[in-house]
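Everything below concerns the one structure shown next.
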Amino acid sequence: VMLMDTQLPGYQIAMPMIVAFTVFSVVVLVFALGLVMRARRQAVVTGLDHLFGASAVVESVTGEVAWVRLDGELWEVACEDSLAPDDTVTVETIEDLILQVTKDKGGNT
Numbered sequence: 001v002m003l004m005d006t007q008l009p010g011y012q013i014a015m016p017m018i019v020a021f022t023v024f025s026v027v028v029l030v031f032a033l034g035l036v037m038r039a040r041r042q043a044v045v046t047g048l049d050h051l052f053g054a055s056a057v058v059e060s061v062t063g064e065v066a067w068v069r070l071d072g073e074l075w076e077v078a079c080e081d082s083l084a085p086d087d088t089v090t091v092e093t094i095e096d097l098i099l100q101v102t103k104d105k106g107g108n109t
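Residue 12 in full-length UniProt numbering is what sits at position 12 of the sequence shown, and the numbering runs on without skipping anything.
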């Protein structure tokens, strides 16, 4: 390993120092790469993507408008079936900040 081109003994770098630094660098790199790979395998937790397929319980129904609480937020929902409080629904799509849902079979929870 040539880090410095000199024959003077005071300016040479000891081989154990080079080996120790190399081993330390490899260990840090492998650890960081492991963290990155683990983070990439985790499910999406932000944005709208994590809402698709999520289950929610109807909180209230006022006239034609039903509301569910999903991830701590109230969402207006639209469903082809009639909904009642405590019905369980599954999010299919999102249109104009209104969740398009399907009523889960089995009725109320």
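Each residue gets a CB set at the ideal place from its N, CA and C atoms; glycine is no exception.
Residue span of the alpha helix (DSSP H) that contains residue i, given as start and end
i	result
Val26	15-41
Buried or exposed by the 16-neighbour rule on C-beta atoms within 10 Å, applied to residue i
i	result
Leu99	buried
Leu35	exposed
Ala66	buried
Thr109	Here Thr109 scores only 49 on pLDDT, less than 50, and its place in the model should not be relied on; the value that follows carries that caveat. Exposed, since its Cβ has fewer than 16 Cβ neighbours within 10 Å.
Contact check, residue i vs residue j, beta carbons under 9 Å
i	j	result
Val101	Ala84	no
Leu97	Trp75	yes
Leu51	Asp71	yes
Glu59	Val45	no
Inset, instruction - Only counting runs of 3 or more residues, tell me where the beta strand (DSSP E) segments fall wholly within the UniProt domain "NfeD-like C-terminal" (49-103), in order along the chain. - result: 55-62, 65-70, 73-79, 87-95
Inset, instruction - Count the CB pairs spanning the stretch 88-96 and the stretch 42-55 that are closer than 8 Å, and state whether there are at least three. - result: yes
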